[in-house]
Amino acid sequence: MVLLFLGAFLLVSGLLARFWAPGQVMKTPLDVSSVMRLTGEAQLYDGTALVSTPVRASSVTHSDSARSDGDVVVFQNSSCLVKDPDGKAPDCVSADDPQNRLVSASTDTFATDRRTAEAVNDASYLPADAKPHQGLVNKFPFNVEKRDYMFWDGLVNKAVPATFAGEEDLDGVATYKFVVNVQDGAITIGTDPGTYSTEKTMWVDALTGSIVKQNEHQVRKMADSGQTVLDLTFGFTPETVAANIEDAKANASKLGLLTTTVPLVGLIGGVIALFAGFVLYRREGSESAAEAGADAAPRKAAAQA
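Numbering of the sequence shown is given in my numbering, commencing with residue 185 and proceeding in unit increments.
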């Protein structure tokens, strides 16, 4: 009987792990803390001409566990772009930096659905001054599909198409490439109207939806004169890409254990235990019947005598 109970337990556990657990574990975690670093080259307008300079950028994202719950996660993000002529600039500098290295800096608070990664604009999660978002914001959903998605662009304040552009293996991690193109989107430069164009390529972990690698070329111009004020080409640093790849592999291992290994062990172990328990139960029943028959034979013979 013990094997029968064990088999039933393993079988139920395997079924739960197969059909219920994925919906519970394939969710954006509530303890996100990430720093993405990018480097590249920029041409900046100094009032008379475009001047080239190396640049570095950072995007720091933390989840706000106090505002988040089982369905929605709230994020706080700060982004910074600085000149880095000597390769020694920090991730960000203040507006009054003595070396005038700050190009741009911004902060953002947003919420997303933990399963779909789509923006959530519910006031119960966000502060009153939070900007409404659309589409995907900082990642793709789990089990990414080979199709186009709408992805948030904070400069034009709307979601724009992220077009599926193929598959690529990054050091053992299966990724899907998505390309975002914006042409002459309306933005504000300082207090004046401007335009913004970008071509951004993202390599996305096909399983978790995290962005593993990213390259971008963007151009910002004054709307009235057409003067280019920023021509920027930059991408994730090799160190950032390597760290993202390691994270993707670790997450794939954990998810594989919970959604594949555990269900298989439970289902196979449950079937084996149930079969063994049934065989033993039948054998014990047969032996009991045989013993009962053997005991009955002498009593019958004595009664006949």
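Each residue gets a CB set at the ideal place from its N, CA and C atoms; glycine is no exception.
Per DSSP, cross-strand counterpart(s) of residue i
i: D415; result: Q227, V403
i: L320; result: E302, F335
i: L439; result: Its beta-bridge partners do not exist; DSSP assigns none.
i: L214; result: L214 is not bridged to any residue.
i: V266; result: R240, L286
i: A343; result: W336
N- and C-terminal bounds of the beta strand (DSSP E) containing residue i
i: Q253; result: The residue you asked about is not Gln; residue 253 is Asp in the sequence shown. Per DSSP, D253 belongs to no beta strand (DSSP E) and is neither H nor E.
i: L286; result: 286 to 297
i: S243; result: 234 to 247
i: S381; result: 376 to 389
Where residue i sits in the DSSP three-state scheme
i: A457; result: With a pLDDT of 47 at A457, under the threshold of 50, the modelled position of that residue is not reliable, and no figure is offered here.
i: D280; result: coil
i: D431; result: helix
i: A349; result: strand
i: A358; result: strand
i: A370; result: strand
i: E329; result: coil
i: V425; result: helix
i: S308; result: coil
i: A273; result: coil
i: K491; result: There is no way to answer for residue 491, as the model of the chain reaches only from 185 to 489.
Classification of residue i by the beta-carbon crowding that lies within 10 angstroms, buried from 16 upward
i: G450; result: Confidence at G450 is low in this model, with a pLDDT of 46, below 50, so the placement of that residue should be treated as unreliable; the coordinate-derived value is given next. It counts as buried.
i: P311; result: exposed
i: A432; result: buried
i: K315; result: exposed
i: A485; result: Low confidence applies here, because A485 scores a pLDDT of 49, under 50, leaving its location unreliable; read the following figure in that light. So A485 counts as exposed.
i: S290; result: exposed
i: Q398; result: buried
i: N365; result: exposed
i: K438; result: exposed
i: A374; result: In the sequence as presented, Ala is not what sits at residue 374; that position holds Gly. Flag for G374 reads exposed.
i: T389; result: The sequence given here has Asp at residue 389, not Thr. That one is buried.
i: N428; result: buried
i: T424; result: buried
i: Y360; result: buried
i: T392; result: buried
i: D215; result: exposed
i: L320; result: buried
Query raised in the report: Can at least three beta-carbon pairs, one atom from the segment 293 to 305 and one from the segment 265 to 280, be found at a separation below 8 Å?
Result: no
Query raised in the report: Taking contact to mean at least 3 C-beta pairs separated by less than 8 Å, is the segment 340 to 347 in contact with the segment 407 to 419?
Result: No: the two stretches stay apart, fewer than three of their Cβ pairs being nearer than 8 Å.
Query raised in the report: Okay, do the segment 319 to 333 and the segment 247 to 257 touch, 3+ Cβ pairs below 8 Å being the bar?
Result: no
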